[in-house]
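Positions 74 to 404 (this note's numbering) are the ones given, in order, by the sequence shown.
One structure is given here, and the rest of the page talks about it.
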Amino acid sequence: MTQPLALPEQVEIPRMSSPTDAGHPIGVVSQRTGLTPDVLRVWERRYSVVKPKRTPGGQRLYSDSDIARLALLHRATRNGHGIGNVATLSRTKLEELVRKSELSGVNGSQAPGIAAEPRAIVDQAIMLAENLDSVRLEILLRRSFARYGTVVFLDMIAAPFLRSVGDAWHAGRLSVSQEHLATALVQRVVTQTAPPVSESIQNPTLVVATLAGERHSSGALMAATTAASAGWHVVYLGADLPAREIADAAMQTGAMAVGISVVFAENTSAVVAKLRELTTLIPPEISFLIGGAGAKKLNGEFRRTRVAFIDSMFEMQNELASIQGRFTVGG
74 MTQPLALPEQ
84 VEIPRMSSPT
94 DAGHPIGVVS
104 QRTGLTPDVL
114 RVWERRYSVV
124 KPKRTPGGQR
134 LYSDSDIARL
144 ALLHRATRNG
154 HGIGNVATLS
164 RTKLEELVRK
174 SELSGVNGSQ
184 APGIAAEPRA
194 IVDQAIMLAE
204 NLDSVRLEIL
214 LRRSFARYGT
224 VVFLDMIAAP
234 FLRSVGDAWH
244 AGRLSVSQEH
254 LATALVQRVV
264 TQTAPPVSES
274 IQNPTLVVAT
284 LAGERHSSGA
294 LMAATTAASA
304 GWHVVYLGAD
314 LPAREIADAA
324 MQTGAMAVGI
334 SVVFAENTSA
344 VVAKLRELTT
354 LIPPEISFLI
364 GGAGAKKLNG
374 EFRRTRVAFI
384 DSMFEMQNEL
394 ASIQGRFTVG
404 G
């Protein structure tokens, strides 16, 4: 009889426990799996990787079986497998995939991998941008996108990376060429890995742009990608558009929502005036979303209005689902 393959210690597969032993809060799960709570929540909501029980107060409680599965998924993504490709695999197939991937890493040469956590990936990306190492930076970004999926990548890697690069550029710690390199590569990776646009007339439409004078389009592009991944038909207009043209595009396409990205709002009064103009030009039945690093300065100017301020791509995904739900109920 053929003897089972003896695995080295670093590729030992954890045994699954009974699925009835729910009782671990998300903080414990994070410590045991190496996944941050934010990643755990998004993986659960978007990919249904596990289905933890809930306390009467709504707190997630994970079983030992859930933890073991999440640990396997983490190890699979660390070896370059996209979460979307492995999320539905059975325990047996996951174990086999991890075993083969990690044995390959032990016995053979492996291309440089990515860091263990999003914050470490951001730090590594900043270092590569400082060195103008475009090849390694693009590889890092692409592997991170594949590993974490659209929303986690945008919220926890791309957005913090671009904010850090922008802050360093404004402080004089990065040159224009280093800042342009970082921005261009993020845009290229997001554009080339974004889901295809659906041609179905059933899909709601979102118009995304930046206002006149705002030439930073990365935030708008990330919002467009998030919406597309959620099944929306996206009309991406790009940067630096007058309010009238954005409103005309929304009405011409029958948009259900308009999304505006504000990265820098140095002249707050001017940006507020343009946004107010846009709110008067688009009909009240069209939802109005504002996000971006500069949007927080504007929040107080639009209290008790129909404008919704978005702090993250995960929050945007939820807002779009809410808009679509209201439309479906109303229709």
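We put the beta carbon where it would ideally sit given N, CA and C, even for glycine.
Give me the residue from the options with the minimum Cα distance to residue i.
i: Leu-393; options: Gly-365, Ala-297, Thr-326 and Val-336; result: Ala-297
i: Thr-378; options: Ile-359, Gly-365 and Thr-106; result: Ile-359
i: Leu-314; options: Arg-288, Ser-217 and Leu-170; result: Arg-288
i: Pro-277; options: Ile-319, His-253, Val-308 and Gly-155; result: Val-308
i: Ser-217; options: Asn-372, Thr-341, Val-249 and Val-259; result: Val-259
i: Ser-290; options: Arg-261, Arg-114 and Ser-302; result: Arg-261
i: Thr-256; options: Ser-237, Arg-246 and Thr-266; result: Ser-237
i: Thr-380; options: Phe-361, Ser-302, Glu-374 and Arg-246; result: Residue identity differs from the one stated: residue 380 is Val in this sequence, not Thr. Of the candidates Phe-361, Ser-302, Glu-374 and Arg-246, the one whose C-alpha sits nearest the C-alpha of Val-380 is Phe-361.
i: Asn-372; options: Gln-397, Val-344 and Glu-350; result: Val-344
i: Gly-239; options: Gly-292, Ala-219 and Leu-348; result: Gly-292
i: Gln-251; options: Ala-219, Ala-301, Ile-199 and Ser-302; result: Ile-199
i: Ala-301; options: Thr-266, Ala-320 and Glu-318; result: Thr-266
What is the rounded straight-line gap between the Cα of residue i and the Cα of residue j?
i: Lys-126; j: Arg-164; result: 19 Å
i: Ile-333; j: Arg-133; result: 34 Å
i: Leu-235; j: His-147; result: 25 Å
i: Ser-395; j: Asn-204; result: 43 Å
i: Ala-312; j: Gly-365; result: 13 Å
i: Leu-78; j: Leu-170; result: The predicted position of Leu-78 is uncertain, since its pLDDT is 42 and thus under 50; a value taken from the coordinates is nonetheless stated next. Straight-line Cα distance between these residues: approximately 14 Å.
i: Thr-264; j: Val-112; result: 22 Å
i: Arg-172; j: Arg-399; result: 46 Å
i: Gly-327; j: His-253; result: 35 Å
i: Lys-370; j: Ser-342; result: 10 Å
i: Trp-305; j: Gln-325; result: 16 Å
i: Ile-156; j: Thr-283; result: 31 Å
i: Ala-316; j: Val-249; result: 29 Å
i: Glu-117; j: Ile-383; result: 21 Å
i: Met-295; j: Thr-161; result: 26 Å
i: Gly-131; j: His-97; result: 13 Å
i: Ser-121; j: Ile-99; result: 15 Å
i: Gly-107; j: Thr-353; result: 48 Å
i: Pro-357; j: Ala-144; result: 47 Å
i: His-243; j: Val-123; result: 43 Å
Could you name the residues that DSSP lists as bridge partners for residue i?
i: Gly-131; result: Per DSSP, none; premise fails for Gly-131.
i: Leu-279; result: Val-307 and Ala-330
i: Val-380; result: Phe-361
i: His-289; result: Partner(s): none; His-289 has no beta bridge.
i: His-97; result: Tyr-135
i: Lys-124; result: Answer is none; Lys-124 lacks a bridge partner.
i: Leu-143; result: None; Leu-143 has no bridge partner.
Below 7 Å CB to CB, which residues in the same chain sit around residue i once its five sequence neighbours on both sides are set aside?
i: Thr-299; result: Thr-223, Val-224, Leu-227, Met-386, Met-389 and Gln-390
i: Ala-323; result: Val-280, Val-331, Ile-355 and Ile-359
i: Leu-201; result: Arg-209, Leu-210 and Leu-213
Looking only at its own chain, which residues have a Cβ that is under 6 Å from the Cβ of residue i, when we skip the five neighbours before and after it?
i: Met-229; result: Pro-191
i: Ala-232; result: none
i: Arg-105; result: Ile-140
i: Ser-174; result: Asn-152
Quick test of your reading: residue i and residue j, contact by CB under 8 Å. State the CB separation rounded to the nearest angstrom.
i: Gly-286; j: Val-335; result: Gly-286 to Val-335, Cβ: 10 Å. No contact.
So, for residue i: in the same chain, excluding its five sequence neighbours on each side, which residues have a beta-carbon less than 8 Å away from its beta-carbon?
i: Val-159; result: Leu-146, Ala-149, Thr-150, Leu-167 and Leu-170
i: Ser-103; result: Thr-109, Pro-110 and Leu-113
i: Thr-128; result: Leu-134
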